[in-house]
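There are 2 protein chains.
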Amino acid sequence: MEVTIKDIAKKIGVSYATVSRALNDRAGVNAETKEMIMAEAKKMGYQPNAIARGLVMKHTHTIALVIPDITNPFFPEIARGVEEIASEYGYNTFLCNTNWDIKKEQIYLKALQEKRVDGIIIKPASDSEEDNLGHITVPVVLFNKILNDSKYSCIEIDNERGGFLATKHMIEAGYKKIAFIGGKPDSFSNTQRMEGYKLALQRYKYKIDESLIINGSFKTQSGYETMTRLIESGNLPDGVFAGNDVIAFGVLQSAKEHGLDVPNDLGIVGFDDIPHADLPQIQLTTIAQPKYLMGKYAVEILLNEIKNKAKKEVKRIILDPELIERKTTRGLQSW
Amino acid sequence: MEVTIKDIAKKIGVSYATVSRALNDRAGVNAETKEMIMAEAKKMGYQPNAIARGLVMKHTHTIALVIPDITNPFFPEIARGVEEIASEYGYNTFLCNTNWDIKKEQIYLKALQEKRVDGIIIKPASDSEEDNLGHITVPVVLFNKILNDSKYSCIEIDNERGGFLATKHMIEAGYKKIAFIGGKPDSFSNTQRMEGYKLALQRYKYKIDESLIINGSFKTQSGYETMTRLIESGNLPDGVFAGNDVIAFGVLQSAKEHGLDVPNDLGIVGFDDIPHADLPQIQLTTIAQPKYLMGKYAVEILLNEIKNKAKKEVKRIILDPELIERKTTRGLQSW
DNA sequence: CTGAAAGCGCTAACAG
DNA sequence: CTGTTAGCGCTTTCAG
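So the sequences go chain by chain: A and B.
Each residue of the first sequence is one higher than the one before, counting from 1434 in this note's numbering.
Each residue of the second sequence is one higher than the one before, counting from 1434 in this note's numbering.
Listed below in C-alpha cells is the structure:
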C-alpha cells in the first residue's frame, strides 16, 4: 500500500493536519516536530498524491500542448519552448499529437478537460474555431490568427507578410513564373501565406495564375508529389514558394530527380526555418519563425490567464517573419 | 461552478449513486431513468472529473514518455508510435523532454509519480540505472539495454550489431581509415555502437586507433565540431561512422565546408535513419531503427504490465538493425 | 433496480 | 502550535 499522510501522522503521533502543514511548508508548526515529520516522511518513502491534492485544490499544475504533427521539425522546437518554460513555472505539459485529424483533436480536448488540465495551448487541426473549441472552459491560447471577436489569446507569425517577403524576394531575384505549393487548404496559415504571395505578385504586376497555386498537405511527400505533377504536366515554373519547409524539401527532391538545377532552373523558398534547412547540402532559403520564443510566449500568456482567471483579457501577439536567404534562390547580386 | 454528478442527481430526483451507474454504463439501472440521466447530463454539459475518479480508482489512464531530445527527429517518430497506440487503448501520454539533463529527468520522474501516471516509458539521460529509476514504483519500460538482473522490461535495437554492420560496410567499400564520431560517452547505445565498430575493425584486421574515436554529444553541432577538429588537426580519416544521424549531418557539413568529396574522399554512415536522411541532397547511408514500431511495442509491453501488475515478467526485446545504403558511402560495385 | 453511506488522500477553516 | 472536522467528486459495497 501507498504511504499516506495519515500513516506518517500515526507513526509520529500527531494529527495528519500537522503533517500536511509540515510537508507543505506552511506556517504554524513547531520546528522540531516539523523536522521529525520530514525525516519520517523521507524514511517511509512518502510521495504526495497530486491527484488527491488536485481534487481539493482545483488545479493540477499541468497544461497541454496540442499540435498537429510532431513529425514536422517545426513543432518540436515549439514544444521545447513551452515545455521548458512551463516546467520552470512548475507545470507539466501533456503533448498531444492530432495528426491533423480533427476527430482526434476533439477526443484529446475532451480527455484533457476531464483530466482537469489548467490550460491548453493549441495549434488547431482545422480553423473553424467555434466548432472545435466550443466546449473548452479552461484558458486557451492558440497558434493561429483568430477572428477579431474571439475570446482566445493567440500568438503567431504574420503569415501574410511572410508570404509577401518570400515572393518579393523571388521576384527581385528575377524569377518569372512563380508557383505556390501550399499545405492544408483550410488552414489559416496556409491561406495567409498564399495571400501574401498573391499580394507580392500584384504589387510587381505579375499576373496570378491559378494553375500555379496548388495546395496539398504540410508534408514532404505532398511537396514532392505536387511538384512532380507540375513538372510532368509540362507546366514548369521557375520558382516555387512552398507552404512550409518540409514541403520545400519535397519540392527540392522532385527537382533534383528531374534534373532541375536549383537555384538556376528553379528557385525555392520555404517557410519555418526548421533545423537542417541550413545544412550545406540543403541551404534552403526560407521565412524564419522564432519557434522557441513562440512556445515561450504562449506559456507565459497562458499561465498568466490561469492566474488571473477572473479579469482575463485576450492578447494577440503577431510576430515578424524574417527572410533567410540561402542557396535555393539566386541572390540579387547574381542577377 | 462545475456541474457534478450530484447536480444532475438532484435535478432528476435520484441518488447520485444511480447517476454514477448510468454514466458509467454499469448494470442495474432502469432503462428509462438511465436515458433521462444521460439526457440531462448532456444538457447540463457534464464533464466527468477524472481527478476524482482517479482518486478512488487508483489509476489515471495516463502514461508518460520521457525522452532526452525531442529536437532529434529520431524521438518524434518514437513518440508518434507510443502516443498513437496509447490513445488507441484509451491512455493519454505525458511527453517529457529531459534535454539529456539527469537532474531534469529526476524532477520529471518525481512529478510523474506524484501525478500517479500508470506507467513510464523512458530513454534515460544516463545509464547508471539504479541511480535514477530507484524510486519508481509504477511499471517502467526502457529504451535501453539493461543489465541482466534488471527488473525493468526494455526494448531496443542491437546497437553493437548496428555498429558492426556500419563499419563492415565501410571496410568492404574500401575505406581504410575509419573514425568513430560518437555521442554521449556514458550512453550504453553509444558504447555499444562503438564496440560494434571495434569488432568489425578487428575482424578485418584493421588496427584500432584511439585517436580516431571521439565522443561528444548526440547533436549536429557536436558532429560538426569534432569533424572539423579532426580535419584541422591533419588527422584526416577517409571514413566516419557517426553515433547517430544528426551527428552525421554535422560531419557532412564540415566535410562540405572543407571541400571534401563525399563519398570519395570521405565515406559517412549514420545511425537511426531519421526523416530527411533520404533527401536526394543528403542520401545518408545509415543504420535504420524501426522507430514507430519501437514506440508501439513499448506501450504494449507497458500496458500489459499495468494490467498484470501482480505477475509481472520482464521482457527484453532486441530488434535487428538494418543497413540502408545510400550515397554517402561508395557502394561495393564502384570499388 | 435504487438509495445510504463510507472512503480515496489531501487541504483548510475553526477551535482549542 | 496542534487537533477536529468537513469536504473535493466520484465509485462501490451493502441494504432495501
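Every residue, glycine too, gets a C-beta built ideally from N, C-alpha and C.
As the structure is a computational prediction, the values presented were derived from the model and not from experiment.
Assuming residue i is part of the alpha helix (DSSP H), what are its boundary residues?
i	result
Asp1619 (chain A)	No alpha helix (DSSP H) contains Asp1619 (chain A), which DSSP labels as neither H nor E.
Asp1678 (chain B)	Asp1678 to Glu1690
Phe1508 (chain A)	Phe1507 to Glu1521
Asn1525 (chain B)	Note, Asn1525 (chain B): premise wrong, no alpha helix (DSSP H); beta strand (DSSP E) at Asn1525 to Asn1530.
Thr1466 (chain A)	Ala1464 to Met1477
Gly1487 (chain A)	Ala1483 to Met1490
Leu1542 (chain B)	Ile1535 to Glu1547
Which of the three DSSP states, helix, strand or coil, is assigned to residue i?
i	result
Phe1576 (chain A)	coil
Ser1586 (chain A)	strand
Arg1759 (chain A)	coil
Ile1641 (chain A)	coil
Thr1624 (chain A)	helix
Asn1668 (chain A)	coil
Phe1597 (chain A)	helix
Thr1451 (chain A)	helix
Gly1446 (chain B)	coil
Val1571 (chain B)	coil
Val1702 (chain A)	strand
Ala1743 (chain B)	coil
Val1436 (chain A)	coil
Val1695 (chain A)	coil
Ala1731 (chain A)	helix
Ile1503 (chain A)	coil
Ala1558 (chain A)	coil
Ala1633 (chain A)	helix
Asn1565 (chain A)	helix
Tyr1608 (chain A)	coil
Gly1656 (chain A)	helix
Asn1592 (chain A)	helix
Arg1459 (chain A)	coil
Can you tell me where the beta strand (DSSP E) with residue i in it begins and where it stops?
i	result
Arg1749 (chain A)	Arg1749 to Leu1752
Alpha carbon to alpha carbon, how far is residue j from residue i? Give it in angstroms, no decimals.
i	j	result
Trp1768 (chain B)	Lys1760 (chain A)	In this predicted model, Trp1768 (chain B) has a pLDDT of only 41, less than 50, meaning its place in the structure is not dependable enough to derive any value.
Leu1566 (chain B)	Gly1461 (chain B)	44 Å
Val1695 (chain A)	Gly1478 (chain B)	56 Å
Phe1651 (chain B)	Val1436 (chain B)	49 Å
Asp1642 (chain A)	His1568 (chain A)	41 Å
Cys1529 (chain A)	Tyr1541 (chain A)	7 Å
Leu1726 (chain A)	Gly1514 (chain A)	6 Å
Phe1508 (chain B)	Asn1577 (chain B)	14 Å
Arg1459 (chain A)	Glu1547 (chain B)	19 Å
Leu1498 (chain B)	Ser1520 (chain B)	13 Å
Gly1656 (chain A)	Gly1616 (chain B)	33 Å
Ile1647 (chain A)	Val1747 (chain B)	52 Å
Gly1595 (chain B)	Lys1610 (chain B)	19 Å
Asp1711 (chain B)	Ile1438 (chain A)	55 Å
Asp1753 (chain A)	Arg1626 (chain A)	13 Å
Ile1757 (chain B)	Ala1472 (chain A)	56 Å
Val1684 (chain B)	Pro1501 (chain A)	32 Å
Ile1441 (chain A)	Gln1480 (chain A)	11 Å
Ala1633 (chain B)	Lys1689 (chain B)	27 Å
Thr1762 (chain B)	Ser1687 (chain B)	16 Å
Asn1505 (chain A)	Glu1589 (chain A)	17 Å
Leu1736 (chain B)	Pro1670 (chain A)	52 Å
Gly1764 (chain A)	Ser1583 (chain A)	41 Å
So if DSSP puts residue i in a beta bridge, which residue, or which two residues, is it bridged to?
i	result
Ala1497 (chain A)	A:Phe1527 and A:Ile1553
Thr1719 (chain B)	B:Gly1703 and B:Ile1757
Ile1647 (chain B)	B:Ile1614
Lys1710 (chain A)	One point to set straight first is that residue 1710 (chain A) is Ala, not Lys, in the sequence displayed. Paired residues: none, contrary to the question.
Ala1774 (chain B)	Look at the range of chain B in this structure, 1434 to 1768, and you will see that residue 1774 (chain B) is not part of it.
Say yes only if the C-beta of residue i is nearer than 6 Å to one or more non-hydrogen atoms of the ligand SAM, and no if none qualify.
i	result
Pro1481 (chain B)	Questions concerning the ligand SAM fall outside what the structure shown contains, since it holds no ligand whatsoever.
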